[in-house]
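Chemist:
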Amino acid sequence: DTAVSQTPKYLVTQMGNDKSIKCEQNLGHDTMYWYKQDSKKFLKIMFSYNNKELIINETVPNRFSPKSPDKAHLNLHINSLELGDSAVYFCASRRAGVTNEKLFFGSGTQLSVL
Amino acid sequence: QKEVEQNSGPLSVPEGAIASLNCTYSDRGSQSFFWYRQYSGKSPELIMFIYSNGDKEDGRFTAQLNKASQYVSLLIRDSQPSDSATYLCAVNGNSGYALNFGKGTSLLVTP
Chain A
1 DTAVSQTPKY LVTQMGNDKS IKCEQNLGHD TMYWYKQDSK KFLKIMFSYN
51 NKELIINETV PNRFSPKSPD KAHLNLHINS LELGDSAVYF CASRRAGVTN
101 EKLFFGSGTQ LSVL
Chain B
1 QKEVEQNSGP LSVPEGAIAS LNCTYSDRGS QSFFWYRQYS GKSPELIMFI
51 YSNGDKEDGR FTAQLNKASQ YVSLLIRDSQ PSDSATYLCA VNGNSGYALN
101 FGKGTSLLVT P
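Chains as they are written, first to last, in my numbering: chain A, 1 to 114; chain B, 1 to 111.
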């Protein structure tokens, strides 16, 4: 069983479109994250949810909207896609309140905006 | 976002040598520190974490932490070509929620 699964793995779309990426974890974790990794491999945190509540919202355009219907799911919706949104988006999860706990990553979604 | 700095490399070492990867961080309240390895096209995977000053060893890997200098390093002994990857340093801040990553160091182990 995949611990953190995200879909789709590849997403190719035109500028201006709206798209969503879905993430699910079956580890029973309370905290989930979205990270963006650019072409230079910089992995930057975008959002974090703890038990369906938004706790981290880094400087991200408001075209990006995370949604957590329950603590096992954290989806990312992107409106009006721009060329600069092209990147790999990773979903991750870990147990809350345990600072030594590692992040479990999904396999990533490679988004290409044309 | 709190700063985590790494030399982007590439760091090239011959097979069998020791590879030394370094990381500095700006948040003095940081509590725990992680090294992830990422192969091209794959997701990051945890190699080690450390939270106390000093050294921590696991097989061929040794993590070193110096909180006074705000410095953490990873040593890879007997480097193998399969160790060629990008190594990401990550720091957990006071809040306990965010794990902030450096930009990664690309390591190339040549046969």
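For each residue, glycine too, the CB sits at the ideal point set by N, CA and C. Predicted, not measured: the structure shown is a model, and the values here were computed from it.
1. Leaving out the 5 sequence neighbours to the left and right, which residues in its chain are closer than 8 angstroms to Asp38 (chain B) when beta-carbon positions are compared?
2. Please report how far the alpha carbon of Leu108 (chain B) lies from the alpha carbon of Val88 (chain A), in whole angstroms.
3. Taking CB distances under 8 angstroms as the criterion, tell me whether Asn50 (chain A) reaches chain B.
4. If I follow the unbroken beta strand (DSSP E) through Pro14 (chain B), where does it start and stop?
5. Shortest alpha-carbon distance to Leu75 (chain B) belongs to which of B:Cys23, B:Glu3, B:Gly102?
6. Our contact map puts Arg94 (chain A) next to Leu103 (chain A) with C-beta atoms below 8 angstroms; I'd like the distance itself, whole angstroms only.
7. So Asn100 (chain A) contacts chain B; which residues on that side make the cut at Cβ distance below 7 angstroms?
8. Nearest to Asp70 (chain A) by CA position, among A:Thr13, A:Asp18, A:Asp30, A:Asn79, is which residue?
9. Please report the distance separating the alpha-carbon of Asp58 (chain B) from that of Met48 (chain B).
10. In chain A, which residues lie less than 7 angstroms from Gly11 (chain B) when you measure between Cβ atoms?
11. Based on DSSP bridge pairs, tell me the residues matched to Met32 (chain A).
12. What does Asn100 (chain B) reach in chain A if we use C-beta pairs closer than 7 angstroms?
13. Compile a chain-ordered list of the residues in the stretch 7–31 of chain A whose CB is closer than 8 angstroms to at least one CB of chain B.
14. Touching or not, the stretch 65–81 of chain B and the stretch 9–27 of chain B, by the rule of three or more beta carbon pairs under 8 angstroms?
15. Does DSSP classify Leu83 (chain A) as helix, strand or coil?
16. If we cut at 8 angstroms on Cβ distances, does Lys71 (chain A) have a partner in chain B?
Modeler: Here's the rundown:
1. Here residue 38 (chain B) turns out to be Gln, not Asp, going by the sequence shown. If we look at Gln38 (chain B) and ignore the five residues flanking it on each side, its Cβ neighbours are Pro44, Glu45, Ala85, Thr86, Tyr87, Leu88, Gly104.
2. 23 angstroms
3. yes
4. 11–14
5. B:Cys23
6. 5 angstroms
7. Ser32, Phe49, Tyr51
8. A:Asp30
9. 8 angstroms
10. In the sequence under discussion, the amino acid at residue 11 (chain B) is Leu, which differs from the Gly named in the question. None at all; the shortest Cβ gap to chain A is about 14 angstroms.
11. A:Tyr49, A:Ser93
12. Ile45
13. Thr31
14. yes
15. helix
16. no
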